[in-house]
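Peer 1:
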Amino acid sequence: MKKLASLISKLFIVYYQIIYGKKVEFGKNIIVNHKLKIKGQGKLLIADNANLWAYEEPNRFYFYDKEAIIQIGQNSRLNGLTCHSEKSIQIGENCLIGSAIIMDTDFHTFSDKEHILYGNPKTKPVQIGNNVWICGQSVILKGCEIGEKSVIGFRAVVSKSFPANVVIAGNPARIVKSK
Numbered sequence: 069m070k071k072l073a074s075l076i077s078k079l080f081i082v083y084y085q086i087i088y089g090k091k092v093e094f095g096k097n098i099i100v101n102h103k104l105k106i107k108g109q110g111k112l113l114i115a116d117n118a119n120l121w122a123y124e125e126p127n128r129f130y131f132y133d134k135e136a137i138i139q140i141g142q143n144s145r146l147n148g149l150t151c152h153s154e155k156s157i158q159i160g161e162n163c164l165i166g167s168a169i170i171m172d173t174d175f176h177t178f179s180d181k182e183h184i185l186y187g188n189p190k191t192k193p194v195q196i197g198n199n200v201w202i203c204g205q206s207v208i209l210k211g212c213e214i215g216e217k218s219v220i221g222f223r224a225v226v227s228k229s230f231p232a233n234v235v236i237a238g239n240p241a242r243i244v245k246s247k
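According to the working numbering, the residues represented by the sequence shown are 69 to 247, in order.
Okay, structure coming up:
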């Protein structure tokens, strides 16, 4: 069964390289299926041994600037992740991420009340440390840094940075346990 999954992954990687060209760089031994969606002009970098085999929801990567970059660290596993990037999203090594949303931008501004869809949205990079587990339906907003070996609980809304070795949960997210 592993050989079949490996063969399927290799075929999809070739397919994605044809479809997306230089917008995506695959490391070695990547596992991926037909549920990978990339839109916009930024760049997706996937390190060695990453697993993007999505089951229900596809892994989606949206870029809002040609300089935007999303990096996925070695040995990380994504299942139904959605990333919105205008600047930079970095996911560390050995991360486990369910159907979460990570965004580094507001998309639009409310400074001009007559034209809320226009203006200069605020953008700040997002950085996820190594060995972080992000549970399903969590949202991580612009400017957040999550320390290594942390856990973000189901449906948490993270709007600020947190240190390493903590369990984060709630809306707004807060530390519920230190390891």
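Virtual Cβ for every residue (Gly too), placed ideally from N, Cα, C.
1) Which term fits Gly-160, buried or exposed, when burial requires 16 or more other beta carbons within 10 angstroms of its beta carbon?
2) Which of helix, strand or coil does DSSP assign to Phe-222?
3) What did DSSP end up calling Gln-85 once you bin it into helix, strand or coil?
4) For Asn-143 and Asn-119, I'd like the C-alpha separation in whole angstroms.
5) Assign Ser-218 to one of two classes, buried (16 or more other C-beta atoms within 10 Å of its C-beta) or exposed (fewer than that).
6) So, for Gly-238: in the same chain, excluding its five sequence neighbours on each side, which residues have a beta-carbon less than 8 Å away from its beta-carbon?
7) Roughly how far, in whole angstroms, is the beta-carbon of Asn-162 from the beta-carbon of Leu-146, given that I think they are within contact range, below 8 Å?
8) Among Ile-157, Lys-78 and Lys-190, which residue has its Cα nearest to the Cα of Thr-173?
9) Would you give the residue range spanned by the beta strand (DSSP E) that Cys-212 belongs to?
10) Please report the straight-line C-alpha distance between Glu-124 and Gln-205, rounded to a whole angstrom.
11) For Gln-135, count the other beta carbons within 10 Å of its own beta carbon; 16 or more makes it buried, fewer makes it exposed. Which is it?
12) Consult DSSP for Ala-237 and reduce its assignment to one of helix, strand or coil.
13) Suppose you measure from the CA of Lys-228 to the CA of Val-234; what does that come to, to the nearest Å?
14) If we ignore side chains and look at the alpha-carbon of each, how far apart do Pro-240 and Leu-209 end up?
Peer 2: According to the structure data:
1) Sixteen is the threshold: when 16 or more other Cβ atoms of the shown chains lie within 10 Å of the Cβ of Gly-160, as they do, the residue is buried.
2) Coil, per DSSP.
3) Correct three-state label for Gln-85: helix.
4) One Cα belongs to Asn-143, the other to Asn-119, and the distance between them is close to 7 Å.
5) Ser-218 is buried by the Cβ-count criterion.
6) Taken in chain order, the residues that qualify are Gly-221, Ala-224, Val-225 and Val-244.
7) In fact, because the Cβ distance is near 12 Å, the residues do not count as touching under 8 Å.
8) Answer by Cα proximity: Lys-190.
9) For Cys-212, there is no enclosing beta strand (DSSP E), as DSSP gives it neither H nor E.
10) Take the alpha-carbon of Glu-124 and the one of Gln-205: they are about 13 Å apart.
11) According to the sequence displayed, residue 135 carries Glu and not Gln. Exposed, since its Cβ has fewer than 16 Cβ neighbours within 10 Å.
12) Residue state, collapsed to three classes: strand.
13) Cα-Cα distance, rounded: 14 Å.
14) Between Pro-240 and Leu-209, the C-alpha separation is close to 11 Å.
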